[in-house]
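Visitor: Structure provided below as structure tokens; questions to follow.
There are 2 protein chains.
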Amino acid sequence: MSFRINPNISVDCVVFGFDFRQLKVLLVERIFQSDYSLKPIFTDHTLIGNHIYEHEDLEEAARRILKDLTGIENIYLEQFIALAHPERLKKERDQIWLQHIGHNPHNRVITVGYFGLLDINAMEIRAGSRKVSWFPVNKLPALAFDHHDMLNHAVECLKTRMRVSTIAYTLLPKKFSLSQLQTLFEVIYGTNLDKRNFRKKMIRMKYLIPLNEKQSNVSHKPAQLYMFSREVYEITNRDLFENII
Amino acid sequence: MSFRINPNISVDCVVFGFDFRQLKVLLVERIFQSDYSLKPIFTDHTLIGNHIYEHEDLEEAARRILKDLTGIENIYLEQFIALAHPERLKKERDQIWLQHIGHNPHNRVITVGYFGLLDINAMEIRAGSRKVSWFPVNKLPALAFDHHDMLNHAVECLKTRMRVSTIAYTLLPKKFSLSQLQTLFEVIYGTNLDKRNFRKKMIRMKYLIPLNEKQSNVSHKPAQLYMFSREVYEITNRDLFENII
DNA sequence: ACAAAAGTGTTTACAGTACACCCATGC
DNA sequence: GCATGGGTGTACTGTAAACACTTTTGT
Numbered sequence: 608m609s610f611r612i613n614p615n616i617s618v619d620c621v622v623f624g625f626d627f628r629q630l631k632v633l634l635v636e637r638i639f640q641s642d643y644s645l646k647p648i649f650t651d652h653t654l655i656g657n658h659i660y661e662h663e664d665l666e667e668a669a670r671r672i673l674k675d676l677t678g679i680e681n682i683y684l685e686q687f688i689a690l691a692h693p694e695r696l697k698k699e700r701d702q703i704w705l706q707h708i709g710h711n712p713h714n715r716v717i718t719v720g721y722f723g724l725l726d727i728n729a730m731e732i733r734a735g736s737r738k739v740s741w742f743p744v745n746k747l748p749a750l751a752f753d754h755h756d757m758l759n760h761a762v763e764c765l766k767t768r769m770r771v772s773t774i775a776y777t778l779l780p781k782k783f784s785l786s787q788l789q790t791l792f793e794v795i796y797g798t799n800l801d802k803r804n805f806r807k808k809m810i811r812m813k814y815l816i817p818l819n820e821k822q823s824n825v826s827h828k829p830a831q832l833y834m835f836s837r838e839v840y841e842i843t844n845r846d847l848f849e850n851i852i
Numbered sequence: 608m609s610f611r612i613n614p615n616i617s618v619d620c621v622v623f624g625f626d627f628r629q630l631k632v633l634l635v636e637r638i639f640q641s642d643y644s645l646k647p648i649f650t651d652h653t654l655i656g657n658h659i660y661e662h663e664d665l666e667e668a669a670r671r672i673l674k675d676l677t678g679i680e681n682i683y684l685e686q687f688i689a690l691a692h693p694e695r696l697k698k699e700r701d702q703i704w705l706q707h708i709g710h711n712p713h714n715r716v717i718t719v720g721y722f723g724l725l726d727i728n729a730m731e732i733r734a735g736s737r738k739v740s741w742f743p744v745n746k747l748p749a750l751a752f753d754h755h756d757m758l759n760h761a762v763e764c765l766k767t768r769m770r771v772s773t774i775a776y777t778l779l780p781k782k783f784s785l786s787q788l789q790t791l792f793e794v795i796y797g798t799n800l801d802k803r804n805f806r807k808k809m810i811r812m813k814y815l816i817p818l819n820e821k822q823s824n825v826s827h828k829p830a831q832l833y834m835f836s837r838e839v840y841e842i843t844n845r846d847l848f849e850n851i852i
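Residue numbers (our numbering), protein chains in the order written: chain W, 608 to 852; chain X, 608 to 852.
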């Protein structure tokens with residue numbers, strides 16, 4: 608099996624997390640320092656991406672690259688777009704960077720975007736050679752290449768998918784309160800929801816299982832915890848979130 | 608400007624039409640005949656696709672290729688997937704074909720799928736060098752490459768999109784009856800809908816404008832015709848189809 | 001005792017569902 | 001005059017939306 612990289616195809620992962628306050632995204636720091644001095648010439652950020660190997664399929668590559676850069680495995684991943692504009696790598700600093708890391712800056716590269724969802728608290732980011740960290744989606748640093756476009760597409764895709772599937776739960780811990788679930792929707796759709804109506808609607812969903820457990824060490828009335836049961840979801844009528852917002 | 612083709616990136620258009628009975632898709636005939644005799648060795652079909660040019664963006668290429676093969680312009684097009692499995696062109700007849708048309712059959716090619724929607728009656732297919740024709744989506748001939756996968760993805764994507772946007776109207780003529788609209792939903796979702804309830808729900812939508820016009824030359828009571836107003840849709844509350852099905 | 005978030009119920013209006021018959025036209 | 005699809009109304013049930021106060025815990 609060859610491990611040659613394909614110079615024309617890359618993947619980028621837009622990995623989202625939710626810290627009960629904000630939607631966050633994982634970014635990799637990109638520091639370009641001249642070969643002669645260590646003074647950085649510029650610093651910005653990229654999504655979690657790289658070129659695929661010749662023997663890999665796209666999602667396989669996305670999972671490998673994510674694991675290599677962050678240690679993260681087995682998360683929800685879904686393809687959402689391919690970008691290939693001829694000028695997408697042609698900004699000056701991107702050209703310098705590509706040259707620096709030994710890529711041909713004139714290569715036409717298509718990139719395929721995957722969005723990933725995970726429970727931000729259960730994941731330890733195991734930093735490798737590059738610094739990877741969480742940024743609030745509405746307070747982003749400068750991004751390389753066309754990664755701002757990529758991210759905007761990912762957010763839109765996340766919004767649509769959350770209305771027609773149960774992926775919302777992959778952003779929460781196994782045990783969560785209804786308020787946390789509500790905040791998740793409020794943050795992603797930028798609205799405020801009525802607490803009583805939200806709870807009424809949610810409690811109807813049979814796959815939302817109340818646990819014999821409450822929050823602890825909170826300085827207010829501790830919340831009832833719930834879990835999502837995929838099993839129950841599969842065998843029941845799959846009520847969804849279409850009318851939540 | 609260079610017109611070199613990019614050997615690694617292709618696009619495929621899954622163009623849907625609705626003839627008031629079935630969902631149909633445009634396919635291109637692929638006839639391989641030996642260089643020495645004219646007897647065809649195999650015949651099958653492909654989606655409407657080709658490689659992009661080096662200077663083109665993806666959608667631009669999709670529109671060009673669609674126009675070249677069918678004469679069709681200015682239709683609704685939307686990207687829905689990228690496929691790049693290493694073995695996707697490795698079936699024997701595909702390899703033979705690639706060689707035949709002068710492509711390197713060992714090239715890794717990523718293809719980006721666009722689905723297109725149009726009013727089947729308003730479009731004249733201007734056949735070029737290749738034969739292009741409509742096939743019912745649930746009665747397909749053998750397809751080349753991974754085009755069956757592609758098409759399945761496109762159908763799923765169409766179903767999702769039809770629930771959260773107004774693209775359904777791009778499959779209908781400008782003037783249409785409520786029964787035609789209902790049949791469209793029934794065909795795509797494989798259900799039967801109650802006529803009275805469907806009409807009640809639809810007539811609520813302010814962007815569905817009744818015209819001073821009825822069907823003619825039909826051997827039954829002629830139907831009231833309606834049009835879709837994008838303008839009204841944009842300025843009103845954008846009620847949609849989420850609960851139609 | 002106070003701060004902080006959890007939790008709860010009722011009313012009203014609108015939308016969903018189920019269901020059967022008459023109507024206008026071409027032939 | 002008959003075949004074909006167009007067009008209509010009602011009763012019942014269920015969900016959406018608006019809205020304010022009490023409860024439980026930590027400090």
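Beta carbons: idealized from backbone N, C-alpha and C, even for Gly.
Pull out every residue of the stretch 759-771 of chain W whose Cβ sits closer than 8 Å to any Cβ of chain X, in chain order.
Guide: Residues THR767, ARG770, VAL771.
Visitor: Give, in chain order, every residue of the stretch 660-672 of chain X whose Cβ lies closer than 8 Å to some Cβ of chain W.
Guide: Here the close residues are GLU661, HIS662, GLU663, ASP664, LEU665.
Visitor: What distance in whole Å lies between the Cβ atoms of X:GLY678 and X:CYS620, which are believed to be in contact at a cut-off of 8 Å?
Guide: 13 Å between Cβ atoms; not a contact.
Visitor: What's the gap between the Cα of W:GLN789 and the Cα of X:GLY709?
Guide: Rounded to the nearest angstrom, the two C-alpha atoms are 57 Å apart.
Visitor: Of all Cβ atoms in chain X, is any one closer than 9 Å to the Cβ of W:ALA734?
Guide: Not an interface residue.
Visitor: Using the beta-carbon of each residue, which ones in chain X are nearer than 9 Å to W:GLN572?
Guide: Because residue 572 of chain W is not part of the residues shown, which for chain W are 608 to 852, the question remains open.
Visitor: Within 10 angstroms of the Cβ of X:ASP753, are there 16 or more other Cβ atoms? Answer buried if so, exposed if not.
Guide: Buried, by the Cβ-count rule.
Visitor: Is DSSP giving W:LEU800 helix, strand or coil here?
Guide: Of the three classes helix, strand and coil, the one that applies to W:LEU800 here is coil, per DSSP.
Visitor: Taking CB distances under 9 Å as the criterion, tell me whether W:ILE717 reaches chain X.
Guide: So yes, W:ILE717 belongs to the interface.
Visitor: Is the Cβ of X:ASN657 closer than 9 Å to any Cβ of chain W?
Guide: X:ASN657 does not count as touching chain W.
Visitor: Locate the alpha helix (DSSP H) running through X:GLN706, then write down its first and last residues.
Guide: X:GLN706 -> alpha helix (DSSP H) spans 699-707.
Visitor: Quick one: list the residues of chain X neighbouring W:HIS754, beta-carbon separation under 7 Å, in chain order.
Guide: The premise fails here: W:HIS754 is roughly 17 Å from chain X at the closest Cβ pair, so nothing lies under 7 Å.
Visitor: Return yes when the Cβ of W:THR718 is within less than 9 Å of the Cβ of W:ALA751, no when it is not.
Guide: Result no, Cβ atoms of W:ALA751 and W:THR718 do not sit closer than 9 Å.
Visitor: If you count every other CB in all the chains shown that lies within 10 Å of the CB of X:GLN640, and 16 or more means buried, which is it?
Guide: The residue is exposed, with fewer than 16 neighbouring Cβ atoms inside 10 Å.
Visitor: Have a look at W:ILE795 and W:SER772 and give me their C-alpha separation to the nearest angstrom.
Guide: About 15 Å.
Visitor: What residues match up with W:SER772 in a beta bridge as DSSP calls it?
Guide: The partner list for W:SER772 (beta bridge, DSSP) is empty, contrary to what the question assumes.
Visitor: Pull out every residue of the stretch 616-628 of chain W whose Cβ sits closer than 9 Å to any Cβ of chain X, in chain order.
Guide: Cβ contacts with chain X: ILE616.
Visitor: Name the chain W residues that come within less than 7 Å of X:HIS692, Cβ to Cβ?
Guide: In chain order: ASP664.
Visitor: Shorter than 9 Å from the beta carbon of W:ASN613 to some beta carbon of chain X?
Guide: Yes, W:ASN613 lies at the interface with chain X (some Cβ there is under 9 Å from its Cβ).
Visitor: What does the Cβ neighbour count give for X:VAL632, buried or exposed, with the cut at 16 atoms within 10 Å?
Guide: X:VAL632 should be labelled buried.
Visitor: Tell me the rounded alpha-carbon separation between W:LEU705 and W:ARG628.
Guide: About 36 Å.
Visitor: Within 10 angstroms of the Cβ of X:PHE783, are there 16 or more other Cβ atoms? Answer buried if so, exposed if not.
Guide: Classification of X:PHE783: buried, given that the 10 Å Cβ count is 16 or more.
Visitor: X:ASN759 by DSSP, collapsed to three states: which one?
Guide: Helix at X:ASN759.
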